[in-house]
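A.B. asks: The sequence shown lines up with residues 650 to 1078 when you count with my numbering.
Structure in structure tokens, see below.
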Amino acid sequence: QHFCITAIRKIGASATKLAQWVGSRKDLFGEDVCSLLPPELHTDVQASNATEEDLLEVRRACFASGTPLTDQEPLSEVGSGCVANVFRARKLDGTAVVVKVVRKGVKETMRADLVVLSWFLEAAHRLNPQLRALALDEALAEFCIYLQLQTNLNIEARNLRTMRRNFAGSAHIRFPEVHGTPTEDLIVQSYVEGHHMSDLLRPDLMDVMLQSPQTRKLISLELGRAFCKMLFVDNLTHLDLHPGNIKVNFTGSPLQKPFGICPDWLWQRLPQLTAKGLNDPANNQWKVELPLPVLAFLDMCESNWAHVTGSSAFEICIFDAGMVLSVDADKQRYMRQACSAAVQGDGSESGRQLFEAHCKWNRVRCSSVEERDTFVHNIGDLLVAAVRYADNWQKFFRSFDDYIRAGTAEYLSLACKLFSVANVRMDPE
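As structure tokens, then:
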């Protein structure tokens, strides 16, 4: 593992980004490969080994951007990514900030890396022409664009300011404030206290507060709402939401029970709200199936109840917004209609909307009506299974445990197979 991580860091930013993706795709590469790429690749990529002259240059750049730093506190490195290094500092008025600086030479290295990746992709297409249905060339082109955008911190500053406005009324979601005038190579942001999301996912974490299933559930609900708002309302979706870019700051007691009168043994056995209805967490059995409007109402009541009782006393801060997605109005309309139908359990309509979207952009190469109908039916059922409980889960998964534990990576793999078989060229967006 140490040799693998060292080699990836030596190669550069593009290899690190790809390794971060590979490490999250156990469905494609297996447990043995993914175990060589630990979560630390997301949060601590490579130390900068900055010299005194480098730190002095950072201070000068901050002064030029309108954010002079105090000399009473030295610059200390608090994180490092594949594109930039992050230092903690303090302004003259005492405000704690972080200074993000693009690594020297990273832009040139990335351009060379992407050329090499294009050679590998062309070779893969020649060896297996069926891969063209997955639109890997378009995906690589978008990967190149988004990776280059991350080297321009002016773009990240603009995205952060827009997202702060979009979530100004949120009780839980925060984005760091941008200080001064950012440049292409430097940005100064407010420092955020809290735990990295990667800490919440560590099985060996001793902090009971972070291990609470109720706490994790409330956090996941808020992140789900935030992502849906970005995608369907704001049309500005953060594309780099890995655990290293999310912090949770606990401002109260997330373990507080309602009014303190519920005994521990009962609190741990209270039914939990799921995509299907209510289930017993102690016995892992499905109890009651509820209509979607009732689920939505209970979800809202549960969230408000937790807020009143203090069990939702946390803030989620999302940063590193250099990569975002905005789509045109027609494509967003198709996305809304397909997802809306899937949430309501209408697989036929959901699949039809997705298929029509790909027809509109001339991405369908099906040779027969039967192939089209099969694709619409299968992709619709998969979308329904992804967003709510589906009785036909055996169609895609070997066991019920595989179904309830499946994440985005597993569903994406299944979707790629359906697109490839039907000869529909997948839209990377």
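Every residue gets a Cβ at the ideal spot worked out from N, C-alpha and C, and that includes glycine.
Return the residue from the list HIS1007, LEU1032 and VAL1033 that minimises the CA-CA distance to ARG1021.
C.D. replies: The residue given as residue 1021 occupies position 372 in the sequence shown. Here the closest residue by C-alpha is HIS1007.
A.B. asks: Jot down the residue ranges of each uninterrupted alpha helix (DSSP H) in the stretch 700–763, minimum 4 residues, whole runs only, in chain order.
C.D. replies: List check, alpha helix (DSSP H) in window: 701–713.
A.B. asks: Excluding sequence positions up to five away, which residues of its chain have a Cβ less than 6 angstroms from the Cβ of VAL1070?
C.D. replies: Start at 1 with the first residue of the sequence shown, and residue 1070 comes out as number 421. Same-chain partners within the cutoff: there are none.
A.B. asks: Locate the beta strand (DSSP E) running through LYS1044, then write down its first and last residues.
C.D. replies: Position 395 of the sequence shown holds residue 1044. Here LYS1044 belongs to no beta strand (DSSP E), and DSSP marks it neither H nor E.
A.B. asks: Is the beta carbon of SER819 closer than 9 angstroms to that of GLY893?
C.D. replies: On the sequence shown, position 244 is the one that residue 893 refers to. On the sequence shown, position 170 is the one that residue 819 refers to. Not a contact, by the Cβ cut-off of 9 angstroms.
A.B. asks: For GLU964, report the span of its beta strand (DSSP E) as first-last.
C.D. replies: Walking along the sequence shown from the start, residue 964 turns up at place 315. Here the beta strand (DSSP E) through GLU964 covers 963–967.
A.B. asks: So, for ARG708: in the same chain, excluding its five sequence neighbours on each side, which residues have a beta-carbon less than 6 angstroms away from its beta-carbon?
C.D. replies: Working through the sequence shown from its first residue, we reach residue 708 at position 59. Taken in chain order, the residues that qualify are LEU718.
A.B. asks: LYS896 bridges to which residues according to DSSP?
C.D. replies: Numbered from 1 along the sequence shown, position 247 holds the residue referred to as residue 896. In the DSSP output, where bridge partners are listed per residue, LYS896 has HIS845 and CYS966.
A.B. asks: Cα-Cα, which of ALA806, VAL748 and ALA970 is closest to HIS891?
C.D. replies: For the purposes of this step, residue 891 is taken as residue 242 along the sequence shown, with counting starting at 1. Checking every option, the nearest Cα to that of HIS891 belongs to ALA970.
A.B. asks: Measuring CB atoms only, is the stretch 743–763 touching the stretch 1039–1054, in the sense that at least three cross pairs come out at less than 8 angstroms?
C.D. replies: No: fewer than three Cβ pairs fall under 8 angstroms.
A.B. asks: Quick one: residues in its chain with C-beta nearer than 6 angstroms to the C-beta of ASN815, no 5 flanking neighbours on either side, listed in chain order?
C.D. replies: Numbered from 1 along the sequence shown, position 166 holds the residue referred to as residue 815. Only ASP883 meet the Cβ criterion.
A.B. asks: For GLU998, tell me which candidate among VAL732, ILE967 and VAL1033 has the shortest Cα-Cα distance.
C.D. replies: Walking along the sequence shown from the start, residue 998 turns up at place 349. Nearest of VAL732, ILE967 and VAL1033 to GLU998, Cα basis: VAL1033.
A.B. asks: Between which two residues does the alpha helix (DSSP H) carrying GLN797 extend?
C.D. replies: Against the sequence shown, residue 797 aligns to sequence position 148. It spans 785–798 - the alpha helix (DSSP H) in which GLN797 sits, taken as one unbroken run.
A.B. asks: Under a Cβ-count criterion, where at least 16 other Cβ atoms within 10 Å of its own Cβ denotes burial, should MET812 be classed as buried or exposed?
C.D. replies: Indexing the sequence shown from 1 puts residue 812 at position 163. By the neighbour-count rule (16 or more Cβ atoms within 10 Å), MET812 is buried.
A.B. asks: What is the DSSP secondary structure of THR832, reduced to helix, strand or coil?
C.D. replies: Position 183 of the sequence shown, counted from the first residue, corresponds to residue 832. Of the three classes helix, strand and coil, the one that applies to THR832 here is coil, per DSSP.
A.B. asks: Which ranges does the alpha helix (DSSP H) cover as unbroken runs of at least 4 residues, wholly within the stretch 1008–1045, from first to last along the chain?
C.D. replies: If we require 4 residues or more, the alpha helix (DSSP H) runs fully inside the stretch 1008–1045 come out as 1018–1036.
A.B. asks: Which residue wins for smallest C-alpha separation from GLU1027, given the options PHE881, ARG1014 and TRP1042?
C.D. replies: For the purposes of this step, residue 1027 is taken as the residue at position 378 of the sequence shown. Reading off the sequence shown, one finds Asn at residue 1027, where the question assumed Glu. Residue TRP1042 is the option with its Cα nearest to ASN1027.
A.B. asks: Taking all protein chains shown into account, decide if TRP916 is buried (16 or more other Cβ within 10 angstroms of its Cβ) or exposed.
C.D. replies: As a working mapping, residue 916 is identified with position 267 in the sequence shown. Reliability fails at TRP916, whose pLDDT of 48 lies under 50, so the model's placement of it is uncertain and the value that follows must be treated cautiously. It counts as exposed.
A.B. asks: Within the same chain, show all residues whose beta-carbon is closer than 6 angstroms to that of THR923, passing over the 5 residues directly before and after it, in chain order.
C.D. replies: As a first step, residue 923 is located in the sequence shown; it is residue number 274 there, counting from the start. In this prediction, THR923 has a pLDDT of 48, which is less than 50 and means its spatial position is unreliable; nothing more can be read from the coordinates.
A.B. asks: Please state whether DSSP places HIS891 in a helix, a strand or coil.
C.D. replies: Position 242 of the sequence shown, counted from the start, is the residue given in the question as residue 891. Correct three-state label for HIS891: coil.
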